[in-house]
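Input: a single structure, listed below in structure tokens.
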Amino acid sequence: TFKQEIAKERIYDNTRGSSLLFEARTGVLRTKTYRAKYEGVDTVRSACGEEEETAEHLIMFCKGLHPIVQNDGAEFLRALGFRDREGKIDFKQVDLTRRRLSDWWLKSRHE
-11 TFKQEIAKER IYDNTRGSSL LFEARTGVLR TKTYRAKYEG VDTVRSACGE
39 EEETAEHLIM FCKGLHPIVQ NDGAEFLRAL GFRDREGKID FKQVDLTRRR
89 LSDWWLKSRH E
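With the numbering used here, you'll find the sequence shown wraps up at 99, consecutive numbering, no jumps.
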């Protein structure tokens, strides 16, 4: 069956973190790896300085961002607010993602 209506996602609010979450969900978060496709950018300088700056690294693993992600088996797609098999959204994980992306954005402006 197809969706009959477009429902508003409750994961967005009027914050920078929500805007960055939207970019990450649509594959256009302006990480250094993304920008390297169009500009000559060094991709290996994420906030922690250990890995390439990809959306997945920033959201799930980067030790240079806060709040720290606890290793609780969270999945990348759930961290982006996509629904699980039961159709549920992990709002706690989504909030953590918004906060980490906001922290990344602030830190990346000072490079």
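Note that beta-carbon positions come from the ideal geometry of N, C-alpha and C, so glycine has one too.
The alpha-carbon of Glu39 is positioned some 16 Å away from that of Arg18.
Exclusion of the five residues before and after Ala12 leaves Ala43, Ile47, Leu68, Leu89 as the residues of its chain whose Cβ lies within less than 7 Å of its Cβ. Listed in chain order, the non-local C-beta contacts of Thr85 below 7 Å within the same chain comprise Leu9, Ile47, Ala67, Leu68, local neighbours out to five positions each way being set aside. By alpha-carbon distance to His98, the top candidate from Lys51, Phe70, Leu65, Ala35 is Ala35.
Bounds of the alpha helix (DSSP H) holding Thr21 are 20 to 23. The continuous stretches of alpha helix (DSSP H) do not include Val16, and DSSP gives it neither H nor E.
Between Trp93 and Leu53, the CB-CB gap reaches or exceeds 7 Å.
Within the same chain, and ignoring the five residues on either side of Cys50 in sequence, the residues whose Cβ sits closer than 6 Å to its Cβ are Ser34, Ala35, Cys36.
Here Gly15 is exposed, its C-beta having fewer than 16 other C-beta atoms within 10 Å. Boundaries of the alpha helix (DSSP H) around Asp91: 79 to 96. The beta carbon of Val82 sits closer than 6 Å to the beta carbons of Ile(-1), Gly69 from its chain, once the five residues preceding and following it are set aside; these are given in chain order. Counting only unbroken stretches of 4 or more residues, the alpha helix (DSSP H) elements lying wholly within the region 24 to 79 are 64 to 67, in sequence order.
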